[in-house]
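Start counting the sequence shown at 93; every next residue gets the next number (my numbering).
All residues carry an ideal CB built from backbone N, CA and C; glycine is no exception.
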Amino acid sequence: MITVHHLNNSRSQRVLWMLEELELPYQVRRYARDARTMLAPRELRQAHPLGKSPIIKHDGYTLIESAAICEYLVELANGRLGAPAELVGKLRYRQFLHYAEGSLMPPLLLKLVLGRIPLIGSRAARKIDPMIRIHLEFVEAELADRPWFAGDTISAADIMMSFPLEAARARAGLNARAHPRTCEWLDTLHARPAYQRALVAGGPYDYA
């Protein structure tokens with residue numbers, strides 16, 4: 093049985109969704125953010141020294157990092173939600189599996205953190221907007237010719253891309269007028285039964 097140490101409104105919602113898509117047995121241990129600081133509680137450090145979610149425990153092993161967890165779950169499920177067979181699809185899959193956290197998420201997180209600092213922070217946060225706009229334009233163009241990031245079917249790359257794009261729609265300018273394909277993609281994944289089941293398993297989630 094896989095145990096997911098799940099923090100509300102966090103990247104770990106993707107892990108729950110992926111587990112539901114793969115129909116792998118799991119249990120959830122929920123943690124709530126501090127209402128004032130929005131940080132993870134100290135008790136999460138009992139699951140892993142970094143105290144960051146997602147964390148999974150399985151067969152005596154503890155694993156962190158969303159992309160690493162996704163790759164592990166793909167292996168457990170005998171390749172389901174893995175890379176397409178053709179080379180181009182494999183390259184896209186690998187690229188977006190890591191682009192989500194490596195390139196797209198940092199400016200979104202920086203905008204959020206700076207926006208919470210009075211006066212100077214708010215002005216600095218606005219300087220991040222052009223960088224985010226470039227990323228959103230890139231993503232929109234990538235979805236112009238295919239329904240999913242790696243190809244014609246959903247994969248772990250789409251699951252990885254969900255959280256930063258949900259965050260972008262909530263607070264960084266992603267909208268249906270400027271980015272219709274991306275918003276359609278988000279609406280499509282939100283309608284999936286497995287996604288809805290993951291929301292029930294994880295509890296309140298502000299980005300769905």
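* Taking three-plus beta-carbon pairs below 8 Å as touching, is the stretch 168–178 in contact with the stretch 217–234? -> Segments in contact, no.
* Buried or exposed: where does H190 fall if 16 or more other Cβ atoms within 10 Å of its Cβ makes it buried? -> Reading the sequence shown from its first residue, position 98 is the one you call residue 190. Result: exposed.
* R122 to H98 span [Cα, whole Å] -> The residue labelled residue 122 in the question sits at position 30 within the sequence shown. The residue labelled residue 98 in the question sits at position 6 within the sequence shown. R122 and H98: Cα-Cα distance of roughly 5 Å.
* Near V231, what residues of its chain come up, given a Cβ to Cβ distance below 6 Å and the 5 sequence neighbours on each side ignored? -> Residue mapping note: residue 231 aligns to position 139 of the sequence shown, counting from 1. Taking V231 as the centre and dropping the five residues before and after it, the same chain places the C-beta of T274 closer than 6 Å to its C-beta, in chain order.
* To do: May I ask you to list the residues that DSSP assigns as paired with L99?
  => Residue mapping note: residue 99 aligns to position 7 of the sequence shown, counting from 1. DSSP lists Y123 as the beta-bridge partner residues of L99.
* What's the C-alpha gap between L281 and Y287? -> What you label residue 281 is simply residue 189 of the sequence shown in a count that begins at 1. What you label residue 287 is simply residue 195 of the sequence shown in a count that begins at 1. Roughly 7 Å separates the two Cα atoms.
* Asked: Going by beta carbon distance, what residues of the same chain come within less than 6 Å of A127, once the five residues before and after it are set aside?
  -> Numbered from its first residue, the sequence shown carries residue 127 at position 35. Excluding sequence neighbours, A127 sits near nothing in its chain.
* Asked: With a Cβ-Cβ cutoff of 8 Å, do L165 and L111 count as a contact?
  -> The sequence position of residue 165 within the sequence shown is 73, counting from 1. The sequence position of residue 111 within the sequence shown is 19, counting from 1. Yes, Cβ-Cβ distance for L165 and L111 is below 8 Å.
* Looking at the structure shown, is Y118 part of a helix, part of a strand, or coil, going by DSSP? -> Against the sequence shown, residue 118 aligns to sequence position 26. Strand at Y118.
* **First through last residue of the beta strand (DSSP E) which encompasses Y155** => By 1-based counting over the sequence shown, the position of residue 155 is 63. For the sequence presented, residue 155 should be read as Leu rather than Tyr. First-last of the beta strand (DSSP E) with L155: 153–156.
* Asked: Taking Cβ positions, are G143 and R184 nearer each other than 8 Å?
  -> Position 51 of the sequence shown, counted from the first residue, corresponds to residue 143. Position 92 of the sequence shown, counted from the first residue, corresponds to residue 184. No Cβ-Cβ contact shorter than 8 Å links G143 with R184.
* **K219 (DSSP reduced to helix, strand or coil)** => Your numbering for residue 219 matches position 127 in the sequence shown. Reduced to three states, the DSSP call for K219 is coil.
* **Inter-residue Cα distance where the pair is S195 and V180** => Here residue 195 refers to the residue found at position 103 when the sequence shown is read from its first residue. Here residue 180 refers to the residue found at position 88 when the sequence shown is read from its first residue. Their Cα atoms are separated by approximately 20 Å.
* **Spatial neighbours of K203 in its chain, beta-carbon cut-off 8 Å, leaving aside the 5 residues before and after** => Translated into positions along the sequence shown, residue 203 becomes position 111. Within the same chain, Cβ atoms closer than 8 Å to the Cβ of K203 are found at A217, I220, D221, I224, R263, A264, the five residues on either side in sequence being excluded.
* Asked: In angstroms, rounded to a whole number, what distance separates the CA positions of N267 and R134?
  -> Residue 267 sits at position 175 when you count from the first residue of the sequence shown. Residue 134 sits at position 42 when you count from the first residue of the sequence shown. A direct Cα-to-Cα measurement between N267 and R134 gives close to 36 Å.
* **Residue nearest to P117 in terms of C-alpha spacing, selected from M93, L206, M130, E163** => Within the sequence shown, the letter at position 25 stands for residue 117. With distances taken between Cα atoms, P117 lies closest to M93.
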